[in-house]
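**Student:**
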Amino acid sequence: MLTNTATFSRTAQQLAAHERTVQSLRQAEDIRLTQRASSVLKQ
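To convert a position in the sequence shown, counted from 1, into the numbering used here, add 26.
If you want it as structure tokens, here you go:
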């Protein structure tokens with residue numbers, strides 16, 4: 027039972043880390059698109 031719990035928590039941690047990575051990638055993409063849009067507006 028102990029190994030199952032350890033495996034589950036490790037999987038949960040990996041999932042959480044993956045979620046954070048996806049979020050930061052999305053934020054970076056949003057920033058990039060916003061900057062591109064504002065530079066187009068300035069022209």
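Cβ atoms here follow ideal geometry from the backbone N, Cα and C, with glycine treated the same way.
Would DSSP call Q61 helix, strand or coil?
**Tutor:** Numbered from 1 along the sequence shown, position 35 holds the residue referred to as residue 61. Helix.
**Student:** Following a CB-centred definition, is V66 positioned closer than 7 Å to any heavy atom of the ligand ADP?
**Tutor:** Here there are no bound small molecules, and the ligand ADP is not part of this structure.
**Student:** Near S35, what residues of its chain come up, given a Cβ to Cβ distance below 7 Å and the 5 sequence neighbours on each side ignored?
**Tutor:** In the sequence shown, the residue the question calls residue 35 occupies position 9. Nothing listed; no residue qualifies.
**Student:** Determine the direct distance from the alpha carbon of K68 to that of L59, and round the result to whole angstroms.
**Tutor:** The count along the sequence shown starts at 1 and reaches residue 59 at position 33. The count along the sequence shown starts at 1 and reaches residue 68 at position 42. So the alpha carbons of these two residues sit roughly 14 Å apart.
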